[in-house]
Amino acid sequence: YANRLKGSEKNVWVEFTKLASEPGVLNLGQGFPDFQAPEHVVKSLQKAIGSGNKFVHQYTRPFGHPRLIKALSEVYSPLLKRPVDPMTEVLVSVGAYGSLFCIIQGMVNPGDEVIIIEPYFDCYEPMVRTAGGIPVFVPLRPSKHGVKMSSADWKLDPKELESKFSDKTKLIVVNTPNNPLGKVFVQSELEMVAELCKKYDVVCVADEVYEWMTYPGIEHIKIATLPGMWDRTITVGSAGKTFSVTGWKLGWSVAPENLLMGAKLVHQNSVYTCPTPIQEAVAEGLELEIDRRDSVDCYFKSLALELLPKRDELAQVLEGLGMHPVVPEGGYFMLADISQMKVDLSDYNKDEPKDFKFAKWMIKEKKLAGIPPSAFYCSEHKQMGENYIRFCFIKEDETLKSAEDILRKWK
Ligand code: PMP
Ligand code: GLN
68 YANRLKGSEK NVWVEFTKLA SEPGVLNLGQ GFPDFQAPEH VVKSLQKAIG
118 SGNKFVHQYT RPFGHPRLIK ALSEVYSPLL KRPVDPMTEV LVSVGAYGSL
168 FCIIQGMVNP GDEVIIIEPY FDCYEPMVRT AGGIPVFVPL RPSKHGVKMS
218 SADWKLDPKE LESKFSDKTK LIVVNTPNNP LGKVFVQSEL EMVAELCKKY
268 DVVCVADEVY EWMTYPGIEH IKIATLPGMW DRTITVGSAG KTFSVTGWKL
318 GWSVAPENLL MGAKLVHQNS VYTCPTPIQE AVAEGLELEI DRRDSVDCYF
368 KSLALELLPK RDELAQVLEG LGMHPVVPEG GYFMLADISQ MKVDLSDYNK
418 DEPKDFKFAK WMIKEKKLAG IPPSAFYCSE HKQMGENYIR FCFIKEDETL
468 KSAEDILRKW K
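Each position in the sequence shown, counted from 1, maps to that position plus 67 in full-length UniProt numbering.
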């Protein structure tokens, strides 16, 4: 295979999805719901396919199905506090993964630097490297350890952040709410990033796939709404996350036309267009949410409320076991501190970070799967993640109860 792909062989999802699929293993690893998708979007997909409209089975517009881009423009115009032009300022891709790939491949020249905040959704790094770019990492650092940790305790050091910017910097990726930490960046943090983007002429890739999943009292702020930032931000979203349909693999980028140019070129010359029935169904789903935007039934609001007791219950059980959780402000993942857990890992590959060994041990001995967070750090910073395990809690109460039984019986 091509030289530029060398070094990108290891992938935590490929490895752990296989391990977690062993019989009898309870999977709190990869992030996907094990409950039914909202009935209305499932019905919309059935309707799209069964409607008798023969064109729904054929190619649609390359940069996004007309009905979907219109719905996205209606959803995002108020959120971004400006009219979003559906025809020029939206690009629909194969999942947010596809959006990120098209943006990075479409914007980064060899030698360009891309700032990535750690811990980060792992694909940013290989995407930058295979484009010939140089990832430059800056960690969020926890200000406390032990009991009652919150994702809000993890912060960027302003000086350290600025030290990463230079005239070589092309992009910064800001993921809020963050995966795996659940941190939701506050206004002052986003302002700090925004000021640096303007000072160093950098484009911000705002990965906001968990935009609707913030917990009470926590506000998700779009960096694109900060003064001067619409012109230098590409906001990424995901139907998979928004509607709990991760298998639908539909995502989008919203940005000024000039910023989407590179991504559109990559898209048109790779996948060209996304599946029409899926786009039709997501469009109809969004239309319904727009109509009931102010109602408690709106899925944009109800999902987080459904997740809240799951988050709190899991946090409490982990705390009881001494696996101190970092309670997330958003998203559906929780880090748990494994440093106090007495486990013999001597049989496991000594070249791997501790959390990889621990996660494999936990699958084998406890039949419980999580994800090792050092996968979300660069090779020099793996030790910052290796005392944690990431659990996914967008699961049926029954699934979480079984996981909690395992955790309660641990000792
Ligand atoms: N960004 C983040 C932060 C994610 O957690 C995910 C989940 N896979 C993605 C992007 C990709 O989303 P999608 O499933 O829509 O490709
Ligand atoms: N975003 C999900 C997670 O972090 C899914 C990852 C993936 O599909 N590779 O678990």
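Cβ atoms here follow ideal geometry from the backbone N, Cα and C, with glycine treated the same way.
Starting from the C-beta of F102, find all residues in its chain whose C-beta is less than 6 Å away, skip the five residues before and the five after it, and write them out in chain order. E463
M328, buried or exposed, once every other Cβ within 10 Å from all chains shown has been counted against 16: The C-beta of M328 has fewer than 16 other C-beta atoms within 10 Å across all chains shown, which makes the residue exposed.
Ignoring anything shorter than 3 residues, give me the beta strand (DSSP E) runs that lie fully in the stretch 342-401, in order along the chain. 392-394
Hey, could you find the ends of the beta strand (DSSP E) residue 480 is sitting in? The structure shown does not extend to residue 480, since the chain spans only 68 to 478, so no value can be given for it.
Short of 7 Å in beta carbon distance, which residues of its chain neighbour P225, apart from the five on each side in sequence? Order them along the chain. M259
Rounded separation between P145 and P209 - CA only: 34 Å
Under three-state DSSP, which class holds F423? helix
Apart from the five residues just before and just after residue 542, which ones in its own chain have a Cβ nearer than 6 Å to its Cβ? Summary: the structure shown does not reach residue 542, with the chain confined to residues 68 through 478, and so no result is reported for it.
Between S118 and the ligand PMP, is there a pair consisting of the residue's CB and a ligand heavy atom that are separated by less than 8 Å? no
Cβ-heavy atom distance between W315 and the ligand COA below 8 Å? Of the ligands this structure carries, namely the ligand PMP and the ligand GLN, none is the ligand COA.
Same chain, Cβ closer than 8 Å to A436, five either side skipped, listed in chain order: F83, L86, A87, V92, L93, N94, L95, G96, A426, M429, I430
Return the first residue and the last residue of the beta strand (DSSP E) that L474 is part of. Per DSSP, L474 belongs to no beta strand (DSSP E); it is in the alpha helix (DSSP H), 464-475.
Would DSSP call residue 494 helix, strand or coil? The question about residue 494 has no answer here: the residues shown for the chain are numbered 68 through 478.
Skipping 5 residues on each side, what residues in its chain have a beta carbon closer than 6 Å to that of V269? T236, I239
DSSP state of I285 mapped onto helix, strand, coil: In the structure shown, I285 sits in coil (DSSP, three-state: anything other than H, G, I, E or B).
Kindly give me the distance between the Cβ atoms of A442 and V161, rounded to whole angstroms, as I take these residues to be in contact under 8 Å. Between V161 and A442 the Cβ distance is about 22 Å, and since that is not below 8 Å, they are no contact.
With hydrogens ignored, establish whether the beta-carbon of C190 is closer than 8 Å to any heavy atom of the ligand GLN. True, at least one ligand heavy atom lies under 8 Å from that Cβ.
State the DSSP-derived secondary structure class of D220, mapped to helix, strand or coil. Here D220 sits in helix by DSSP.
Secondary structure of P209, DSSP reduced to three states: strand
State buried or exposed for K73, treating a residue as buried only when at least 16 other CB atoms are found within 10 Å of its CB. exposed
Under 9 Å between the Cβ atoms of V272 and L167? yes
Closer than 8 Å: is that where the CB of A273 sits relative to any heavy atom of the ligand PMP? no
Span of the alpha helix (DSSP H) holding I290? In the DSSP annotation of this structure, I290 is not part of any alpha helix (DSSP H), being labelled neither H nor E.
Length of the line joining the Cα atoms of P150 and E324: 13 Å
Considering just the uninterrupted stretch of the beta strand (DSSP E) at C271, what are its terminal residues? Looking at the DSSP string, the run of the beta strand (DSSP E) that includes C271 is 270-274.
Taking buried to mean at least 16 other C-beta atoms within 10 Å of its own C-beta, is L332 buried or exposed? exposed
With a 10 Å radius around its C-beta and 16 neighbouring C-beta atoms as the bar for buried, classify S311 as buried or exposed. S311 comes out buried.
Could you tell me which residues DSSP puts in a beta bridge with S160? G318
Please specify which runs of the alpha helix (DSSP H), each continuous and at least 4 residues long, are wholly inside the stretch 104-142, giving them in chain order. 106-117
DSSP state of I405, grouped into three classes? coil
Is there at least one non-hydrogen atom of the ligand GLN closer than 8 Å to the beta-carbon of N246? yes
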